[in-house]
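To start, the structure under review is shown below, and the notes come after it.
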Amino acid sequence: MKQKLFFLSLMLLGVSFFMGQKSTDESPRWNVDPRSISIYPSGEYTQLPLVTNEIKQFTYDPRVFITPIGVMIATPNFRVHPSSGNQQCETEIVRHPTNPNIMFASAQPIINSNNFINVGVYVTTDGGVTWTGRDTMNAPNLNDQRGDPGPIIDKNGTFIYTHLLSTSNFGSLTGMGANYSTDNGATWSATFPVMLDPNVDKNLAGTDGSPTSPYFGNSYMAWTVFAGSAETAELPEQQTEESPGIRQLY
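Residues in the sequence shown are numbered from -11 upward in steps of one, following the numbering used here.
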């Protein structure tokens, strides 16, 4: 009996000893990460600033845009040909097909004080850093360009300027016309009457710049006719030393 009590006492002592020991190899998932912080905020609550969707239409500072093709910087807007007396409206810019540094900008300059209206020619050859130009076309006749500019640079680098046609500055419309330039807009041909119809307006122009197109290099002009049937005209690219210029095809 005494022997049984001895072994029972020894077993209880051993169990008590092992249960009082702390393992030095605890599972990491139960360890407290020393980098953790309390999820309960402390201190006084402060109102966060409100974010407004403000789009600035103009800025004097360069803007950085991150695009899929890289980081681009847009410099502030500026007028390529400042003029205090002219209202330059209906602006449009086209780019040279083989030299992206050459761009041809156009506008419809208006002077209300003397009912003046014409077509502006503005050109850059350094990618838009500097511009040259004037609020009229340097053509033999100043009076037959009646506004509504439609600029083109075809595959050969020829500048083509399509516009409304008139016999006198700010006179009655007579149709649609076009001029061309082979020296980057410095001088222009005489106006070519593309379509004689006083009911035309709202012209647009473009050129086929795809080398794989069967009409590569052809330039086109389209407009609205407010009476009768609609018309379109094509200004082909064919120019020769004997007869450079614009031909009309219907």
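Glycine included, C-beta positions come from ideal geometry on N, C-alpha and C.
{"Query": "Spatial neighbours of residue 63 within its chain, please: C-beta separation below 7 Å, excluding the five flanking residues on both sides.", "Result": "50"}
{"Query": "Could you check where the beta strand (DSSP E) with residue 181 kicks off and where it finishes?", "Result": "180 to 184"}
{"Query": "Among 90, 170, 60 and 95, which one has its Cα closest to the Cα of residue 117?", "Result": "90"}
{"Query": "Report buried or exposed for residue 123, applying the criterion of at least 16 other Cβ atoms within 10 angstroms of its Cβ.", "Result": "buried"}
{"Query": "For residue 61, which residues of its own chain have a beta-carbon under 8 Å away from its beta-carbon, when the five flanking residues on both sides are left out?", "Result": "50, 51, 52 and 53"}
{"Query": "So, with DSSP's three-state summary, where would you put residue 238?", "Result": "Because residue 238 carries a pLDDT of 34, less than 50, the predicted location of this residue cannot be relied on, and no value is offered for it."}
{"Query": "To which residues of the same chain is residue 85 closer than 7 Å at the C-beta, ignoring the five residues directly before and after it?", "Result": "141, 143 and 197"}
{"Query": "Which residue's Cα is closest to the Cα of residue 98: 65, 171, 146 and 137?", "Result": "137"}
{"Query": "So residue 176 is in the beta strand (DSSP E); what residue range does that whole segment cover?", "Result": "Element bounds for residue 176: n/a, residue is neither H nor E."}
{"Query": "Taking residue 68 as the reference, which of 48, 87, 55 and 92 has the closest Cα?", "Result": "92"}
{"Query": "For residue 132, which residues in the same chain have their Cβ closer than 7 Å to its Cβ, ignoring the five residues on either side in sequence?", "Result": "153, 154, 155, 165 and 179"}
{"Query": "State yes or no: is the C-beta of residue 96 within less than 8 Å of the C-beta of residue 109?", "Result": "no"}
{"Query": "According to DSSP, is residue 213 part of a helix, a strand, or is it coil?", "Result": "strand"}
{"Query": "Between which two residues does the beta strand (DSSP E) harbouring residue 133 extend?", "Result": "Run containing residue 133: none; DSSP gives neither H nor E here."}
{"Query": "On the DSSP letters alone, give me the boundaries of the beta strand (DSSP E) that residue 96 sits inside.", "Result": "91 to 99"}
{"Query": "Would DSSP call residue 222 helix, strand or coil?", "Result": "Any reading at residue 222 must be qualified, since the residue scores a pLDDT of 46, below 50, and its modelled position is unreliable; no value is offered."}
{"Query": "Could you tell me the alpha carbon to alpha carbon distance between residue 130 and residue 56, rounded to whole angstroms?", "Result": "46 Å"}
{"Query": "How would you label residue 150, buried or exposed, when you count the other beta carbons within 10 angstroms and need 16 or more for buried?", "Result": "buried"}
{"Query": "Locate the beta strand (DSSP E) running through residue 166, then write down its first and last residues.", "Result": "161 to 169"}
{"Query": "Please identify the residue among 162, 103 and 173 whose C-alpha is closest to the C-alpha of residue 187.", "Result": "162"}
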